[in-house]
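**Student:** In the working numbering, the protein residues as written are 413 to 729. For glycine and all other residues, C-beta sits at the position ideal for the given N, C-alpha and C. Source: prediction; values computed, not measured. One structure is given below, represented as structure tokens, and several questions about it will come after.
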Amino acid sequence: MPEPALEIDGVTHRYGKHVALRDVSLRVSQGALFGLIGPNGSGKTTLFRILMTLLPPGEGAACVWNHDVARHPAAVRERIGCVFQHPALDDALTVRENLHFHGSLYGLRGERLRERIRELLSIFELRDRAGDAVSTLSGGLRRRADLARGLLHRPPVLLLDEPTVGLDPAARRTFWRALERLRRDDDVTLVVATHLMNEAERCDEVAILNEGRCVANGSPACLKAGLGDETLWLHPVGAPTALRNRVEAQFGAETTVIGERVQVTSEDAPALLSSVYESLGDQIEEATVRKPTLEDVFLVRTASADAHSPSETSLRV
């Protein structure tokens with residue numbers, strides 16, 4: 413088995429008494445598209461900071477291409493590129509000037525740097541705007557320029573933190589086509605933190621973080637299969653917890669309260685719906701049966717984790 417591109421083993425990180433990450437373990441294969449999803453404050457940003465060598469793990473270890481982030485930070489930085497939630501470009505400089513400046517930070521010089529800039533401008537269709545100030549670019553063009561910046565030193569791993577925030581649907585599609593081309597042509601490993609479920613669905617594997625814990629990890633298909641072929645959603649007349657308790661007591665089904673609804677996992681959701689309506693119909697305002705989505709997995713896993721979370725305070729990071 414080849415060495416993983418990223419390996420995270422039992423990482424815990426605290427800010428004083430506040431826990432940002434709790435015993436997180438993940439493995440990302442070389443060339444994979446890996447998604448990281450979670451609510452605000454789940455620990456995604458802290459995990460990225462550790463992988464970027466900006467924070468040391470408080471406990472556990474994290475490695476990029478077999479280089480420990482705490483013991484070999486320089487080697488790790490050579491092997492990762494980063495695209496942040498907000499582009500790391502100077503608005504007053506042109507696209508080419510930005511790329512030249514950031515390339516020099518990686519030790520690129522002379523014709524080698526100029527050739528790499530020409531290559532990236534061509535790949536991301538920015539040649540016509542290379543001499544324009546970044547301040548004049550649309551959001552989509554800025555994102556493409558920032559992606560080029562992150563790839564100047566040819567890193568085998570690219571970390572992207574909410575990279576499509578603020579982009580319109582057309583610009584988002586163009587950006588994702590660029591990522592897919594990177595995987596296909598350069599075998600770059602992509603780790604994408606996103607809050608958009610349709611983006612997470614594109615990934616080979618997804619990890620869901622909640623309150624600093626990894627509460628689910630696997631391919632989107634496997635995660636959805638964990639909820640069954642179909643799931644039952646009940647909107648109660650009264651309190652959802654009361655209906656949940658009655659469904660569990662009478663039918664022994666696995667249930668989760670999500671907002672004002674009750675999600676019920678069953679091997680035969682249509683049959684269960686019929687039975688539930690027969691016994692508890694006066695307590696149900698609306699019921700639906702449908703195939704589970706990745707958003708359902710996200711809601712169920714984060715709700716379940718919240719219900720069993722420890723009393724120790726977590727910091728929103």
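1. Compute the Euclidean distance between the alpha carbons of S437 and A473, then round it to the nearest angstrom.
2. Using a Cβ-Cβ cut-off of 7 Å (strictly less than) and excluding sequence neighbours within five positions of E724, which residues of its own chain qualify?
3. Need the endpoints of the beta strand (DSSP E) that F446 sits in, please.
4. Helix, strand or coil for W477, going by three-state DSSP, please let me know.
5. So what's G472 in DSSP terms, helix, strand or just coil?
6. Hey, E471 and R439: beta-carbon distance below 9 Å or not?
7. Taking the DSSP output, what are the residues bridged to I670?
8. Within the chosen definition, does the segment 607–623 reach the segment 640–651 through at least 3 CB pairs nearer than 8 Å?
9. Does the segment 563–582 come close enough to the segment 490–500 to have 3 or more Cβ pairs within less than 8 Å?
10. On a CA-only basis, which of R702, M464, T653 and L684 is nearest G671? Give me that one, please.
11. Residues in its own chain within less than 7 Å of A715 by CB, not counting five upstream and five downstream?
12. If you check the beta carbons only, do A444 and N510 fall under 9 Å apart?
13. Give the range of the beta strand (DSSP E) segment to which G493 is assigned.
14. Do L553 and A542 have their C-beta atoms closer together than 9 Å?
15. Enumerate, from N- to C-terminal direction, the unbroken beta strand (DSSP E) stretches of 3 or more residues contained entirely within the segment 512–596.
16. Look at the Cβ atom of G447, then the Cβ atom of R658, and state whether they are nearer than 9 Å.
17. Please determine, among A500, T457 and E523, the residue with the shortest C-alpha to C-alpha distance to G562.
18. For a quick check, are the C-beta atoms of R528 and G515 less than 9 Å apart?
19. Keeping to the same chain, check which residues put their C-beta closer than 7 Å to that of G450; ignore five residues upstream and five downstream.
20. Are the CB atoms of P568 and R491 within a distance shorter than 9 Å?
21. To the nearest angstrom, how far is the alpha carbon of S441 from that of V600?
22. Could you tell me which residues DSSP puts in a beta bridge with P648?
23. Near N629, what residues of its chain come up, given a Cβ to Cβ distance below 6 Å and the 5 sequence neighbours on each side ignored?
24. Which term fits T576, buried or exposed, when burial requires 16 or more other beta carbons within 10 angstroms of its beta carbon?
25. Note down the Cα distance separating D733 from L538, rounded to an integer number of angstroms.
26. Taking only beta-carbon positions, decide if L639 is within less than 9 Å of chain B.
27. What's the gap between the Cα of L463 and the Cα of V476?
28. Can you list, in chain order, the residues of its chain with a C-beta nearer than 7 Å to that of P433? Leave out the 5 residues immediately preceding and following it.
29. Got a sec, what are the start and stop residues for the alpha helix (DSSP H) A612 sits in?
30. Between which two residues does the beta strand (DSSP E) harbouring C626 extend?
31. Apply the 10 Å Cβ neighbour rule to Q675 and answer buried if 16 or more other Cβ atoms are within range, or exposed otherwise.
32. Would you identify the three-state DSSP class for L621, choosing helix, strand or coil?
**Tutor:** Here's the rundown:
1. 9 Å
2. Note that E724 scores 35 on pLDDT, short of 50, meaning its location in the model is unreliable; the coordinates nonetheless yield the value given after this. These residues qualify, in order along the chain: V431.
3. Counting along the chain, F446 sits inside the beta strand (DSSP E) bounded by residues L445 to I449.
4. In the three-state scheme derived from DSSP, where H, G and I count as helix and E and B as strand, W477 is classed as coil.
5. Three-state DSSP puts G472 in a strand.
6. no
7. R673
8. no
9. yes
10. T653
11. Answer for A715: T668, V669 and I670, listed in chain order.
12. no
13. I492 to V495
14. The answer is no: Cβ separation not under 9 Å.
15. Runs found: 569–573.
16. no
17. Looking from the CA of G562, the closest CA among A500, T457 and E523 belongs to A500.
18. yes
19. K456, I620, L621 and N622
20. yes
21. 11 Å
22. I696
23. Hits under 6 Å: A619.
24. buried
25. With the chain covering only 413 through 729, there is no way to say anything about residue 733.
26. Protein chains in the displayed structure number just one, and chain B is not present.
27. 8 Å
28. The sequence as given places Leu at residue 433; Pro does not occur at that position. Excluding positions up to five away in sequence, the list reads V423, T424, H425, G455, T458, L459 and G624.
29. Start and end: M609 to A612.
30. R625 to G630
31. buried
32. strand
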